[in-house]
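Numbering (the UniProt record's numbering), first residue to last: 1 to 325.
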C-alpha cells in the first residue's frame, strides 16, 4: 500500500465510519483488525447513548485545529484587554485561549462580559515553549500583581487553555489566593484523550507528520496524500513546514502570509508536544470552585461526564452546564 492510498483510506474511515487512524497505522490494517474495531465500537455505543452526534460543519479534529494563515492583524502583546462592559465593582477576569493562544477567539463574547477582562496570549507572543510548566512560569507574573491587589482571582480557560488555567490556579492558591475558575470544553484528561484519539503518535517524526496532515485536512483534505509522500522524505521540522506551505492552495496562503503560516504550524506542533509530555497525575488538588461548560456536540466520547475533573478537586463546589454549538 502506498502513502497516497493510505491517506485516502484514512479519510474514508473518518468520514464514513468515525474511525480515526494515522496513515502509518493504516499500512498494517487488515479485515480482522477492522472487525475488532467495529465490535469494540458497537460495545461502546450503548454506554454513550447520551453523547451527541455532530450537527454539521467542522467536526472532529477540525474543531480543535483551525488553520490561521495570516497573523498580521493580531496583537503581539501578552495581555490583551477586551472591550467589555467594565463594571468597576467586579474583579478583573483573566482568560486563557485555545490551541492558537490568541485573544481574538474571545472577541464575540466581549460585549457580554460585565467585568474587566484580560486575555493572556501564549501563542504568537512566546514561541519555543514546549511544556505546560513553562507556559505557567511565563504567564503567572502577568496575573499575580492584579490577583494580589484585588485579593482573589477569576480565570477562564477555553479548550487547550483549560490545562494552563488549572496549572495557573494551583500556583495562585500556593500564594494564599482564592478564586473561581471556568473551563470551556477543556480539562487535562479530556485533552489527553483527544490527542490520543485523533493524533496517536509513537515517535516525534510521526507526531510532526500527523499535525501537518491534520492541518492540511482542515484546509483541503484531497492534498493530504501527496503531502504525506513529501513529508516522509524530510529529516527536519523546518523542511516539513516548508513542504507543507508549498502545497497549501494559493487562495489559502498568500506570499505575504507565509511567515505567519510557519508560525502557526510551529506553535500548533509545540502545543501538542507540551500536551503529550504533560503528566495529568502531576496536577495537585485544587480548592477553588470550578464551573465546566460543555458543548452538546462533543469532539469525542468520554466516560466521565465531568471530563475527569473530580480527580483534581478538593473541598470545592463543582458545576457543569451544556451549551448549544
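All C-beta atoms in this analysis are idealised placements derived from N, C-alpha and C, irrespective of residue type, glycine included.
Beta carbon of residue i nearer than 8 Å to that of residue j
i: residue 286; j: residue 192; result: no
i: residue 188; j: residue 253; result: no
i: residue 294; j: residue 185; result: yes
i: residue 263; j: residue 290; result: no
i: residue 138; j: residue 126; result: yes
i: residue 183; j: residue 162; result: yes
i: residue 227; j: residue 245; result: no
i: residue 190; j: residue 302; result: yes
i: residue 274; j: residue 131; result: yes
i: residue 210; j: residue 65; result: no
i: residue 333; j: residue 115; result: Any property of residue 333 remains undetermined from this structure, which presents the chain solely from 1 to 325.
i: residue 195; j: residue 276; result: yes
Selected residue, minimal CA-CA separation from residue i, among the options
i: residue 199; options: 268, 106, 307; result: 268
i: residue 176; options: 203, 147, 186; result: 147
i: residue 216; options: 261, 160, 84, 143; result: 261
i: residue 206; options: 278, 233, 295, 167; result: 233
i: residue 90; options: 143, 154, 197; result: 154
i: residue 265; options: 143, 300, 239; result: 239
i: residue 140; options: 172, 163, 243, 156; result: 172
i: residue 300; options: 197, 132, 76; result: 197
i: residue 80; options: 92, 88, 307; result: 92
i: residue 281; options: 235, 194, 167, 250; result: 167
Nonlocal neighbours in the same chain, by C-beta distance under 7 Å from residue i, ignoring five residues either side
i: residue 102; result: 74, 121, 123, 124
i: residue 82; result: 106, 110, 113, 117, 119
i: residue 178; result: 152, 288
i: residue 271; result: 99, 160
i: residue 307; result: 187, 189, 190, 292
i: residue 31; result: A caution first: residue 31 carries a pLDDT of 49, below 50, which makes its placement in the model too unreliable to give a value.
Start and end residues, alpha helix (DSSP H) containing residue i
i: residue 268; result: 258 to 277
i: residue 161; result: 161 to 174
i: residue 308; result: Careful: residue 308 lies outside any alpha helix (DSSP H) and carries neither H nor E.
i: residue 244; result: 237 to 247
i: residue 158; result: No alpha helix (DSSP H) contains residue 158, which is instead part of the beta strand (DSSP E) from 153 to 158.
i: residue 232; result: Per DSSP, residue 232 belongs to no alpha helix (DSSP H) and is neither H nor E.
i: residue 191; result: 188 to 198
i: residue 83; result: Where residue 83 is concerned, there is no enclosing alpha helix (DSSP H), given that its DSSP letter is neither H nor E.
Close-in-space but distant-in-sequence residues of the same chain around residue i (CB under 6 Å, 5 per side omitted)
i: residue 46; result: Note that residue 46 scores 47 on pLDDT, short of 50, meaning its location in the model is unreliable; the coordinates nonetheless yield the value given after this. Here the set comprises nothing.
i: residue 230; result: 243
i: residue 181; result: 155, 169, 288, 290
i: residue 241; result: 262, 265
i: residue 223; result: 216, 247
i: residue 165; result: 96, 155, 157
i: residue 135; result: 122, 129, 164
i: residue 201; result: 207, 210
i: residue 278; result: 132
i: residue 86; result: 116
Endpoints, the beta strand (DSSP E) within which residue i is located
i: residue 290; result: 290 to 295
i: residue 183; result: 179 to 184
i: residue 117; result: 117 to 120
Other residues of its chain near residue i: CB distance less than 8 Å, five sequence neighbours each side excluded
i: residue 237; result: 208, 266, 269
i: residue 304; result: 189, 310
Beta carbon proximity, residue i to chain D, threshold 8 Å
i: residue 284; result: The structure shown has no chain D; it contains just one protein chain.
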